Ligand SMILES: *Cc1c(COP(=O)(O)O)cnc(C)c1O
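Residue numbers (my numbering): 10 to 357.
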């Protein structure tokens with residue numbers, strides 16, 4: 010794949026196909042947006058308060074933080090920085106399959122090559138297989154924890170071991186869903202000791218700010234230097250810059266959603282067990298469900314009932330699988346109801 014294709018989405022349908030926070034953003038963020046003044050739109054944004062709030066949230070100094078226009082931009086900037094770093098031949102990016110599609114899209118878009126290693130049984134990461142796939146041209150390696158689309162998390166020790174073995178190749182640890190497992194797997198001391206690691210975070214998922222576009226790279230200050238040169242100085246727009254400190258401050262809003270996501274996972278896992286559908290233990294706000302041979306039909310059946318899920322069944326390693334957002338409990342109840350109906354129809 011070389012270009013991102015936005016999945017189809019019927020207006021008015023329940024969006025459980027992009028892992029968005031369907032409860033919307035914090036009401037306090039909306040207040041900030043409504044209070045926006047003419048000058049706020051006219052002047053270039055000041056990021057001091059935004060950086061201070063985000064650095065406090067991640068528990069790092071501002072020099073260990075680079076805010077980006079969504080984590081997607083962080084992936085692009087890290088790839089661009091890694092591709093510049095050394096010369097000789099077509100640069101390569103390495104990841105796993107199945108995986109989040111932006112790594113390949115960014116590597117290809119920047120004129121590099123994308124290589125991937127299949128994940129092991131039950132979506133486990135195999136360090137040895139990854140290391141064996143590294144070539145002299147490999148500049149950046151992507152892992153995702155919790156993994157998208159399975160939700161399976163990678164243990165911290167395994168990430169540290171992989172980083173050490175890869176050094177000086179850059180290891181990008183995409184933690185877009187870190188909030189749902191209680192925070193980053195890598196503490197500040199680990200990050201300081203691993204100069205070839207960059208952690209990707211986003212405010213799109215747990216914070217419900219996908220539409221405002223705010224992401225972050227967290228790494229030791231030296232590691233971020235080449236990426237800072239690539240990310241444009243005013244990449245966050247003024248609305249997002251003003252909204253972020255308020256969003257970060259609204260802990261209660263976020264905790265409620267994270268708690269609902271946890272209950273939703275349990276509800277969906279139990280429903281799937283009842284329906285004899287296989288699931289994997291997820292630590293994110295979504296779950297992968299193996300619905301079998303008729304995955305396309307089941308996804309269409311859900312869509313016909315106004316519930317959108319992500320059909321992953323034609324991707325390698327995901328035969329029969331649909332990815333479903335498990336966020337708000339009310340949405341999960343609706344999803345389970347629709348799934349029961351569709352399966353009842355499909356099984357005749
Ligand atoms: C959603 C997602 C992102 C992108 O986040 P944005 O901040 O919306 O760009 C990155 N990585 C993974 C694994 C994701 O699921």
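Note that CB positions come from ideal geometry on N, CA and C, so glycine has one too. The structure displayed is predicted, hence computed values, not measured ones.
Next on the checklist: Less than 7 Å separating the Cβ of residue 88 from some heavy atom of ligand 1?
Outcome noted: No, the beta carbon of residue 88 sits no closer than 7 Å to any heavy atom of ligand 1.
Next on the checklist: With the cut-off set at 8 Å, would you say residue 235 and residue 148 are in Cβ contact?
Outcome noted: For residue 235 and residue 148, no; Cβs fall outside 8 Å.
Item to check | Enclosing alpha helix (DSSP H) for residue 117 [first to last residue] | outcome: Going by DSSP, residue 117 is part of the alpha helix (DSSP H) stretching over 111-118.
Checklist entry - Can you list, in chain order, the stretches of the beta strand (DSSP E) that have 3 or more residues and sit fully within the segment 134-213? => result Taken in chain order, the whole beta strand (DSSP E) runs of length 3 or more contained in the segment 134-213 are 147-153, 179-183, 206-211.
Checklist entry - Under 8 Å between C-beta atoms, does residue 270 make it to chain B? => result Looking for chain B here will not work: only one protein chain is present.
Next on the checklist: If contact is defined by three or more beta carbon pairs under 8 Å, each pair taking one atom from either stretch, is the segment 222-236 in contact with the segment 63-83?
Outcome noted: Per the Cβ contact rule, the segment 63-83 is in contact with the segment 222-236 (3 or more Cβ pairs under 8 Å).
Next on the checklist: ligand 1 and residue 296: does any heavy atom of the ligand fall closer than 7 Å to the residue's C-beta?
Outcome noted: Not one heavy atom of ligand 1 is found less than 7 Å from the C-beta of residue 296.
Checklist entry - With 16 other CB atoms within 10 Å as the buried threshold, where does residue 128 fall? => result If you draw a 10 Å sphere on the C-beta of residue 128, you find 16 or more other C-beta atoms in it, and that means buried.
Checklist entry - Is residue 380 near residue 102, with beta carbons less than 8 Å apart? => result Residue 380 falls outside the range modelled here, since the chain spans only 10 to 357, and no answer is possible.
Item to check | Rounded separation between residue 23 and residue 317 - CA only | outcome: Taking the straight line joining both Cα atoms gives about 6 Å.
Checklist entry - Is it the case that the Cβ atoms of residue 71 and residue 64 are separated by a distance below 8 Å? => result Cβ atoms of residue 71 and residue 64: closer than 8 Å.
Item to check | Test item: CB-CB of residue 314 and residue 350 under 8 Å | outcome: At the C-beta level, residue 314 and residue 350 come within 8 Å of one another.
Item to check | C-alpha distance - residue 140 paired with residue 158, whole-angstrom precision | outcome: Cα atoms of residue 140 and residue 158: separation of roughly 22 Å, rounded to the nearest angstrom.
Checklist entry - Using a Cβ-Cβ cut-off of 8 Å (strictly less than) and excluding sequence neighbours within five positions of residue 258, which residues of its own chain qualify? => result Take residue 258, set aside five residues on each side of it, and the residues of its chain with a beta-carbon closer than 8 Å to its own are 37, 62, in chain order.
Next on the checklist: Below 7 Å, is the gap between the Cβ of residue 106 and the nearest heavy atom of ligand 1?
Outcome noted: In this structure, residue 106 has its beta carbon at no less than 7 Å from each heavy atom of ligand 1.
Checklist entry - Is DSSP giving residue 295 helix, strand or coil here? => result In the displayed model, residue 295 falls within a strand according to three-state DSSP.
Item to check | Integer-rounded CB distance, given that residue 179 should sit under 8 Å from residue 87 | outcome: The Cβ separation is near 7 Å, so the contact holds.
Item to check | Spatially closest choice to residue 252 from 276, 18, 45, 26, by CA coordinates | outcome: For residue 252, the closest C-alpha among the options 276, 18, 45, 26 is that of 45.
Checklist entry - Can you give the Cα-Cα distance for residue 323 and residue 14, rounded to whole angstroms? => result Rounded to whole angstroms, residue 323 to residue 14 spans 15 Å at the Cα level.
Item to check | CB contact flag (residue 254, residue 58, <8 Å) | outcome: In contact: residue 254 and residue 58 (Cβ atoms closer than 8 Å).
Item to check | Top-ranked residue by Cα proximity to residue 173, from 192, 190, 154, 201 | outcome: Looking at the Cα atoms, 201 is the closest of the given residues.
Item to check | residue 217 (DSSP reduced to helix, strand or coil) | outcome: The DSSP-derived three-state label of residue 217 is coil.
Next on the checklist: Between residue 267 and residue 189, how many whole angstroms is the CB-CB distance? I'm expecting something under 8 Å.
Outcome noted: For a cut-off of 8 Å, the C-beta gap from residue 267 to residue 189 is around 6 Å, short enough to register as a contact.
Checklist entry - Roughly how far, in whole angstroms, is the beta-carbon of residue 334 from the beta-carbon of residue 279, given that I think they are within contact range, below 8 Å? => result Taking C-beta atoms under 8 Å as the contact rule, residue 334 and residue 279 fail to qualify, at a distance of about 17 Å.
Checklist entry - Sorted by chain position, which residues of the same chain lie with C-beta nearer than 6 Å to residue 135's C-beta, five sequence neighbours on each side aside? => result So the list reads 129, once near-sequence residues are dropped.
Item to check | Separation of residue 249 from residue 49, as counted between CA atoms | outcome: Answer to the nearest angstrom: the Cα atoms are 11 Å apart.
Checklist entry - Mind checking residue 60: buried by the 16 CB within 10 Å criterion, or exposed? => result Burial of residue 60 is indicated by the presence of at least 16 other C-beta atoms within 10 angstroms of its C-beta.
Checklist entry - Between residue 107 and residue 325, is the Cβ-Cβ spacing less than 8 Å? => result Yes, these two residues count as a Cβ contact at 8 Å.
Checklist entry - What's the gap between the Cα of residue 123 and the Cα of residue 116? => result Distance between the alpha carbons of residue 123 and residue 116 is about 6 Å.
Checklist entry - Start and end of the beta strand (DSSP E) containing residue 334? => result For residue 334, the uninterrupted beta strand (DSSP E) segment begins and ends at 330-334.
Next on the checklist: I'd like to confirm something about residue 80: is its beta-carbon nearer than 7 Å to some heavy atom of ligand 1, or not?
Outcome noted: Yes, the Cβ of residue 80 comes within 7 Å of a heavy atom of ligand 1.
Checklist entry - Cβ of residue 109 within 7 Å of any heavy atom in ligand 1? => result Relative to ligand 1, the beta carbon of residue 109 is positioned inside 7 Å of a heavy atom.
Next on the checklist: By the three-class DSSP mapping on this structure, what secondary structure does residue 46 have?
Outcome noted: Residue state, collapsed to three classes: coil.
Checklist entry - Straight-line CA distance for residue 25 to residue 319? => result Rounded to the nearest angstrom, the gap between the Cα atoms of residue 25 and residue 319 is 8 Å.
Next on the checklist: Nearer than 7 Å: is that true of the beta carbon of residue 31 relative to any heavy atom of ligand 1?
Outcome noted: Within 7 Å of the C-beta of residue 31 there is not a single heavy atom belonging to ligand 1.
Checklist entry - Is residue 15 near ligand 1, in the sense that its beta carbon is under 7 Å from a heavy atom of that ligand? => result For residue 15, the shortest C-beta to heavy atom distance toward ligand 1 is 7 Å or greater.
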